[in-house]
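Heads up: the sequence shown at position 45 corresponds to 68 in this note's numbering, and the numbers run straight through without jumps.
Even for Gly, the Cβ is constructed at its ideal location relative to N, Cα and C.
Accompanying notes for the structure given below.
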Amino acid sequence: MATNTTSVYLDFITRELNRYIPLPALILGTIGNLLNIMVFSRSSVRKNPCSLYFISGSIANFFSLYIGLITPFLALYNLDFTQQINFLCKIRFYLRFNTITLSTWYILFASIDRFLSTSMNVRYRSWSSIHIAKRIIILASIICFIFLYTQVFYCYSINQKNVCTYSSNICKLSVDIVLLICNSGIPPILMVLISILTIKNVKHSNQINSHQRRRDRQITRILFIQVIILVLCATPITAQKLYSYATMFIIKDQLRTSIDNLISQITIEISYINNSATFYIYSLTSKKFRTEVRRVFSSLFTGQICKTNTVRPISIPVQFNSNSNKITVYNDYQCKPLKT
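Okay, structure coming up:
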């Protein structure tokens, strides 16, 4: 009797997590990802290839949040059509797996770009460019959408309990292995290794001017923060998946099933931190990012861009008045209206 009561209580906690976590995460993630896109699209930032990867990652995060978080929330109120229409069931998981994988890949590519751009080898540094970044983003998207998760259309369907899920354990295993290899397992390990190599490059690099070094250091710092967040968020769900594989063919009682479901739900919610909280963590840890955010808000609310603390040469018109023997100096420095 006590076991049944505990099981019911754990199932209740799982449902409550689905009820109260998705909506705040969705709102914060929507605002954060849109601001990320605006910040990294600024002319002072977007010249760096990493910024293009950050923009692409924020777009992938945006769609991942809506695809992954809206439907469980709507299901609590019987408004989830992916549990009623088979095609929507399949397309939801297909898009969800692709967007979370692409989000991870873009950060991995940004890590590789930082390693190349800080290399002492001129040839390697030449591979860090906007042109190459655009090609990589397009190619990665094509590979992901065409080759990685097409088995979802066969493996996922609505079962007799009106739940959109995998049709067999073999199907679940095939999808999870791809996710482990391409998303939550191998990419974070590669990011850590590449980040270590990048740190070594930065310590030995003295060939770039101090201004560029400061700018690149800020971008590199933001990237390292993103890598840390991704690794911390991916580790729990990876461990849960490995446990799921190890116990796949074990017959579980109701209590153990409830515990597994709760742990699975918690790890899923943690994984979405990577998709929703990056803007706020960037803002807390990077002064350069906060400066760019202020400039974004300034341009939004005033329609003008004023660059402060900037020393630059300017031309000063001078007029000589022969009658009064006075020289009048006109200062034409002012806030420039935003170009449209």
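(1) Considering only the beta carbon of each residue, do CYS205 and THR127 sit closer than 9 Å?
(2) When the Cα atoms are used, what is the spatial distance from ASP249 to SER218?
(3) Who pairs with CYS187 in a beta bridge, going by DSSP?
(4) For the candidate residues TYR303, SER180, GLN263, whose alpha-carbon lies nearest to that of ASN284?
(5) Runs of 3 residues minimum, wholly inside the stretch 35-113: which ones carry the beta strand (DSSP E) assignment?
(6) Residues in the same chain with beta-carbon distance under 8 Å from PHE312, minus the five sequence neighbours each way, listed in chain order, please.
(7) Helix, strand or coil for LYS275 per DSSP?
(8) Kindly indicate which residue of PHE302, LEU33, ILE161 has the alpha-carbon position closest to the one of SER81.
(9) So the candidates are ARG119, ILE153, ASP136; which of them puts its Cα closest to the Cα of TYR147?
(10) Any idea what DSSP makes of TYR295, helix, strand or coil?
(11) Around the Cβ of LYS330, are there at least 16 other Cβ atoms within 10 angstroms (buried) or fewer (exposed)?
(12) Just how far apart, CA to CA, sit ASP34 and LEU278?
(13) Can you tell me where the alpha helix (DSSP H) holding THR314 begins and where it ends?
(14) Where does the unbroken alpha helix (DSSP H) through ASN192 begin, and where does it stop?
(15) PHE176 to ILE114, Cα distance in whole Å?
(16) Can the beta-carbon of ASN192 be found closer than 9 Å to that of PHE272?
(17) Here's the rule I'm using: 16 or more other beta-carbon atoms within 10 Å means buried, otherwise exposed. How should PRO210 be labelled?
(18) State the DSSP-derived secondary structure class of SER30, mapped to helix, strand or coil.
(19) State the start and end residues of the unbroken alpha helix (DSSP H) segment that holds LEU220.
(20) Between ASN71, PHE85, TYR100, which lies nearest to SER134 when the distance is taken from Cα to Cα?
(21) For my contact list, THR122 and CYS112 are in at a C-beta cut-off of 8 Å; report their separation, rounded to the angstrom.
(22) Between the beta-carbon of LEU88 and the beta-carbon of SER281, is there less than 9 Å?
(23) With burial defined as no fewer than 16 other Cβ atoms inside 10 Å of the residue's Cβ, what is the status of CYS73: buried or exposed?
(24) Rounded to whole angstroms, what is the Cα-Cα separation between ARG42 and SER190?
(25) Measure the alpha-carbon distance for LEU253 versus LYS157 and round it to whole angstroms.
The relevant details are as follows:
(1) In contact: CYS205 and THR127 (Cβ atoms closer than 9 Å).
(2) Asp is not the amino acid found at residue 249; the sequence shown has Gln there. Whole-angstrom Cα-Cα distance: 11 Å.
(3) ILE181
(4) GLN263
(5) none
(6) VAL62, GLN241, ILE245, TYR305, SER306
(7) coil
(8) PHE302
(9) ASP136
(10) coil
(11) Low local confidence applies: a pLDDT of 48 at LYS330 is under 50, so the model's placement there is unreliable, and no value is given.
(12) 9 Å
(13) DSSP places THR314 inside the alpha helix (DSSP H), whose first and last residues are 310-325.
(14) 192-202
(15) 7 Å
(16) yes
(17) buried
(18) helix
(19) 209-227
(20) Here the closest residue by C-alpha is ASN71.
(21) Not a contact, Cβ separation roughly 17 Å.
(22) No.
(23) buried
(24) 26 Å
(25) 23 Å
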